[in-house]
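**Q** All you need for my numbering is the position in the sequence shown, starting with 1, plus 268. Dropping the structure in here first, questions after.
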Amino acid sequence: NGGIGDEVQTGDPRTIPGLAGNVDMTTPNDVMVAIPPKHYMQRNSKDQTYTSRIYLDRENALGNILGANAMMGHDILFDMDGARIGFAESDCDYAGLVTA
């Protein structure tokens, strides 16, 4: 069904609803993550400017890191045994979750 914790089995990932964009079947291992600007742009109230807080300029050997900025608004499952990661949109209401 595609709910939280559900694995979607399909031979064609283009049929999965709610993806951030179209899947390029020539590069099936690529991942696209949609991150809204409010999660990575910081406003400077002194001069009314904005600065990006995502940095993709590390050396290739080190790779780049998407941290808390990329995780905001999502539940993320790290499946170490299955060597996979899953993303689902979330309202991140921890207080509501633990009091329910």
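By construction, the Cβ of each residue, glycine as well, lies at the ideal position given by its N, Cα and C atoms.
1. Does DSSP put Thr319 in a helix, in a strand, or in coil?
2. Looking at chain B, is there any beta carbon in it that lies within less than 8 Å of the beta carbon of Ile303?
3. Between which two residues does the beta strand (DSSP E) carrying Gly354 extend?
4. Which residues in the same chain have their Cβ closer than 8 Å to the Cβ of Gly350, if we skip the five residues on either side of it in sequence?
5. Comparing alpha-carbon positions, which option in Asn328, Met300, Asn337, Arg282 lies nearest Gln310?
6. My assumption, with CB atoms under 8 Å, is that Gly354 sits in contact with Leu345. Please give the rounded CB distance.
7. Between which residues of its own chain and Asn312 is the CB-CB distance below 8 Å, once the five residues before and five after are set aside?
8. Using DSSP with H/G/I as helix, E/B as strand and the rest coil, what is Met309?
**A** Once the coordinates are examined:
1. strand
2. Absent here is chain B; the protein component of the structure consists of one chain.
3. 352-357
4. none
5. Asn337
6. 4 Å
7. Tyr318, Thr319
8. strand
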